[in-house]
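Some notes on the structure that comes next.
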Amino acid sequence: MMQTRLEQFVSHAQRRWMIQHSLECIACGMAAGCGIALCLIPLRILAGESGVMIGLGFPLLGGICGLIFSMHSYPTLGRVLDRA
Numbered sequence: 153m154m155q156t157r158l159e160q161f162v163s164h165a166q167r168r169w170m171i172q173h174s175l176e177c178i179a180c181g182m183a184a185g186c187g188i189a190l191c192l193i194p195l196r197i198l199a200g201e202s203g204v205m206i207g208l209g210f211p212l213l214g215g216i217c218g219l220i221f222s223m224h225s226y227p228t229l230g231r232v233l234d235r236a
């Protein structure tokens, strides 16, 4: 079944928008994780411990949560990425 040029354009634009949305969710989650880590690292250092695990863990966890949120909020993203 052949798609018209307009259908191809809309499909491509929708795919680009959904990928952009997913990346924005990941970036937002990572930024939130960085904010939490920046609050907690000084407390760990004052307690005499290393803040490296918090500094790496919270942004990573935030990025994963952002990815999960984007996939949950737009369940068609997986189907769109399969067609890409």
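Everything in the sequence shown is counted per the numbering used here, starting at 153 for the first residue and increasing by one.
For glycine and all other residues, C-beta sits at the position ideal for the given N, C-alpha and C.
Between the alpha carbons of Gly218 and Gln166 lies a distance of about 20 Å.
DSSP places Ser174 within a helical segment (H, G or I) once states are collapsed to three. Relative to Ile188, the option among Phe161, Gly207, Leu198 and Thr156 whose CA is nearest is Gly207. Cα atoms of His224 and Ala184: separation of roughly 19 Å, rounded to the nearest angstrom.
Three or more beta-carbon pairs separated by less than 8 Å link the stretch 174-183 to the stretch 208-217, which places the two stretches in contact.
Ser202 carries a coil assignment under DSSP once its states are collapsed to helix, strand and coil.
Only exposed fits Phe161, as fewer than 16 other CB atoms lie within 10 angstroms of its CB.
Ile197 and Gly203 have their C-alpha atoms some 6 Å from each other.
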